[in-house]
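Note sheet for the following structure.
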Amino acid sequence: MRRSGGDPAQRAAASAIARRRFWVTALLVGALLFSALVAFAQERPRLVVYLHTEVKSRALEALLARQMPGTEVIVCGRYRDFTRELAKADAAMALEPVLQANALTGDLKGLRGGRDTEPYVLLSIGTTIDAARFSTIVLGAVDLLGRDGTTQFVANLLGLEASPEIKFVIKSEDLLPLLQFQSADAVLLPEREVVRTKSLSKLDLQITPLATRVRLPAVAFGSDVGRRVIRPLVLALDSETNGKLGVDTWR
Amino acid sequence: MALSSRNAVGVLLLICAVAVLTCARGPAARDVAAPVGASFEDVPTRPGVPGVLVVLPSSVHTREVWHSLRDELQATFDVVTRPVSSDTTAADLMREVHAVRPRCVVLIGNQAMNLYAQYQKQERGPYPPAVVLMASFFEQQRSRLQNTTGIAYEIPGITTFVKLRSFVYRPVQRVGVIHRPLFAGYVKEQRGLAAVEKVELVGYEVGDDPGPYQIRRALDHLSRREKVDAIWVLNDNVLLQPELIAKGWLKMLHQNPIPVVVGVGSLVDARLHFGSFAMLPDHSALGLQAANLVFKLSQEGWKAGATPVELPLSVQSVIDLPWARQRLQFREDALDRIDRIVQ
Chain A
123 MRRSGGDPAQ
133 RAAASAIARR
143 RFWVTALLVG
153 ALLFSALVAF
163 AQERPRLVVY
173 LHTEVKSRAL
183 EALLARQMPG
193 TEVIVCGRYR
203 DFTRELAKAD
213 AAMALEPVLQ
223 ANALTGDLKG
233 LRGGRDTEPY
243 VLLSIGTTID
253 AARFSTIVLG
263 AVDLLGRDGT
273 TQFVANLLGL
283 EASPEIKFVI
293 KSEDLLPLLQ
303 FQSADAVLLP
313 EREVVRTKSL
323 SKLDLQITPL
333 ATRVRLPAVA
343 FGSDVGRRVI
353 RPLVLALDSE
363 TNGKLGVDTW
373 R
Chain B
1448 MALSSRNAVG
1458 VLLLICAVAV
1468 LTCARGPAAR
1478 DVAAPVGASF
1488 EDVPTRPGVP
1498 GVLVVLPSSV
1508 HTREVWHSLR
1518 DELQATFDVV
1528 TRPVSSDTTA
1538 ADLMREVHAV
1548 RPRCVVLIGN
1558 QAMNLYAQYQ
1568 KQERGPYPPA
1578 VVLMASFFEQ
1588 QRSRLQNTTG
1598 IAYEIPGITT
1608 FVKLRSFVYR
1618 PVQRVGVIHR
1628 PLFAGYVKEQ
1638 RGLAAVEKVE
1648 LVGYEVGDDP
1658 GPYQIRRALD
1668 HLSRREKVDA
1678 IWVLNDNVLL
1688 QPELIAKGWL
1698 KMLHQNPIPV
1708 VVGVGSLVDA
1718 RLHFGSFAML
1728 PDHSALGLQA
1738 ANLVFKLSQE
1748 GWKAGATPVE
1758 LPLSVQSVID
1768 LPWARQRLQF
1778 REDALDRIDR
1788 IVQ
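Sequence order for the protein chains is A and B.
Position in the first sequence counted from 1, then plus 122, gives you the working numbering.
Position in the second sequence counted from 1, then plus 1447, gives you the working numbering.
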């Protein structure tokens, strides 16, 4: 069925105008959609997490992403990856000494047992480590702050001017093999990880408590959107998630 | 026509938008490792800074090691990277050693190690100290090289068994291993190491070129007579030929399911049900461990020949989840501690 009226030239002209209108409208709609999506992407704040937990990064990332809708969660396993990601972060969650080393201040502090610090210990086979021997032992430690930063961190924890020889590992689960292979005299870890480590091993693991405590995880915000969106989500994390992060609650 | 144009425009825009979102915020943006095929980019060398020559083939795993190693070393050393291919000769390597004059050489993979051994045969020393990584059974080959140390590539049984113990409810006290005479010494070493964690490693020696029947008989002996709690499969190509897997290993393991730990990720397959778990080297951690070794050598006068070969400290775990859940008393709380889940 053909519409009546008009000569072919007029119809062609009208059709050309309709086509132009369609493309202009499509482009406008497209531009609007594009801007909205870009705006949405920019509004989705990014939380960068760097914590040495027994949970794999993949699992921790999925757990946090479920609990923090509208937030992009990135879990880093290495200090260098964390420092690279910081440039693009709206918020960062890490042990407070790690935040401080990157000129950040913890706006939200993690608490456990009502305190914002936790004790660290040395774990060794057979006997505890006498404090007089601290400077001469070979010590296994997680590479928490890069080679130099971790060396200083360890020296502070042991109350020494200079750190003993350190065998760095990426994950806390790699500390036990250092003892099994007798590559280290002792390993350094938070006291809360002792029970689990001992449950894995049949070695006669002995604990040497250290006097200096270390600040628990904290969250620093790098943007208003980070503070506005991420802060309430962190405060609302459930107890299971907090437990995996090594805290009871946030303040 | 107009309708289909609109559809096409809509789809196009959606694709563009999704692409923008993905590029801006998605996982690709945080992928630290370079894609396969990208070049190894060295930082320009600095006057007076000692160099470390890294010789390696290009693969996903060598790249992971290289990234981690370079990150650790570059503040103290100039890292000079030289990829090798099947065309690279010992003469090429010799030229690089002369040109770079490295304080230390890091050799990644069998080919790089073999080239260095050939270079040492062709030229009189002294040779720069070398650290070998990702080479098969390096400890057994070390005597071919001078002034060389390294990190073994094979995951020690002790690490495997301790991990396995944390993944399943059933006890892991006796572990069976089938091996050829060539590996008898290696199994003996592993037995000593496993004893540290109160795990008894029970070996069963087969011939140099065993058939499926020998594999079935060995598995039957280990599971029925020795009553082992798990089987540890060595990375021995001869024992892992397809025919032996199909007609030997699988026939017995499917009849009598016990945890089977392999050292190759592809052997954990939810259709095959051969390896229920795999324990693989963590390549990023291996790079850090290699850097530790380079720093240790630098502090101790670069005596690589006198420095013991280290065992790899870090593993990545893979699980055949359906099989482990159905047959192996898998601990659900272990799921968060496993790197890759096959289902």
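Here a beta-carbon is modelled for each residue, glycine too, at the ideal position from N, C-alpha and C.
*Check the Cβ of residue 1739 of chain B against every Cβ in chain A and list those closer than 8 Å, keeping chain order.*
289 and 290
*Determine the DSSP secondary structure at residue 1726 of chain B, reduced to helix, strand or coil.*
strand
_In DSSP terms, what residue 1551 of chain B is bridged to_ = B:1499
*asked:* Please list, in chain order, the chain B residues whose beta carbon lies closer than 7 Å to that of residue 299 of chain A.
replied: 1606 and 1760
*Go to residue 1604 of chain B, then tell me how far its alpha helix (DSSP H) extends in each direction, as first and last residue.*
1604 to 1614
*Apply the 10 Å Cβ neighbour rule to residue 1563 of chain B and answer buried if 16 or more other Cβ atoms are within range, or exposed otherwise.*
buried
_Contact criterion: CB-CB distance below 8 Å. Does residue 1506 of chain B meet it with respect to chain A?_
no
*Return the residues of the region 1754 to 1785 of chain B that lie within a Cβ-Cβ distance of less than 8 Å from chain A, sorted by chain order.*
1757, 1758, 1760, 1761, 1782, 1783, 1784 and 1785
*Going along chain A, which residues have a C-beta under 9 Å from residue 1735 of chain B?*
200, 265, 290, 291 and 292
*What are the residues that DSSP puts in a beta bridge with residue 214 of chain A?*
A:170 and A:342
*Closer than 7 Å, Cβ to Cβ, to anything on chain A: give me those residues from the region 1641 to 1663 of chain B, in chain order.*
1643, 1644 and 1645
*asked:* Let me check understanding here. Comparing Cα to Cα, which of B:1512, B:1488 and B:1532 lies closest to residue 1738 of chain B?
replied: B:1512
_On the criterion of 16 or more Cβ atoms from any shown chain inside 10 Å, does residue 1629 of chain B qualify as buried, or is it exposed?_
exposed
_Suppose you measure from the CA of residue 1580 of chain B to the CA of residue 289 of chain A; what does that come to, to the nearest Å?_
18 Å
*From A:245, A:230 and A:264, residue whose alpha carbon lies closest to that of residue 238 of chain A*: A:230
*Unbroken alpha helix (DSSP H) run spanning residue 1585 of chain B, endpoints*: 1585 to 1588
*Could you tell me how far apart the beta carbons of residue 322 of chain A and residue 311 of chain A are, in whole angstroms, since I believe they sit closer than 8 Å?*
Not confirmed; about 12 Å, so no contact.
*Residue span of the beta strand (DSSP E) that contains residue 1525 of chain B, given as start and end*: 1525 to 1530
*If the cut is a Cβ gap below 9 Å, which residues of chain A does residue 1578 of chain B touch?*
Result: empty, since nearest Cβ-Cβ is about 15 Å, beyond 9 Å.
_residue 1677 of chain B - DSSP class collapsed to helix/strand/coil_ = strand
_Inter-stretch contact at 8 Å, needing at least 3 Cβ pairs: the region 1767 to 1780 of chain B / the region 1721 to 1730 of chain B_ = yes
*With 8 Å set as the bound, which would you pick, yes or no: does the beta-carbon of residue 1613 of chain B sit closer than that to a beta-carbon of chain A?*
yes
*Does any CB atom of chain A fall closer than 8 Å to the CB of residue 1609 of chain B?*
yes
*Counting only beta-carbon atoms, is residue 302 of chain A nearer than 8 Å to chain B?*
yes
*asked:* I want to know whether the region 1672 to 1691 of chain B touches the region 1600 to 1613 of chain B - three or more CB-CB distances under 8 Å.
replied: yes
*asked:* If distances are taken between C-alpha atoms only, which option among B:1552, B:1620, B:1537 and B:1515 comes closest to residue 1607 of chain B?
replied: B:1620
*In angstroms, rounded to a whole number, what distance separates the CA positions of residue 1468 of chain B and residue 1731 of chain B?*
Because residue 1468 of chain B carries a pLDDT of 32, less than 50, the predicted location of this residue cannot be relied on, and no value is offered for it.
_Out of B:1775, B:1600, B:1744 and B:1551, which one is the CA nearest neighbour of residue 1733 of chain B?_
B:1600
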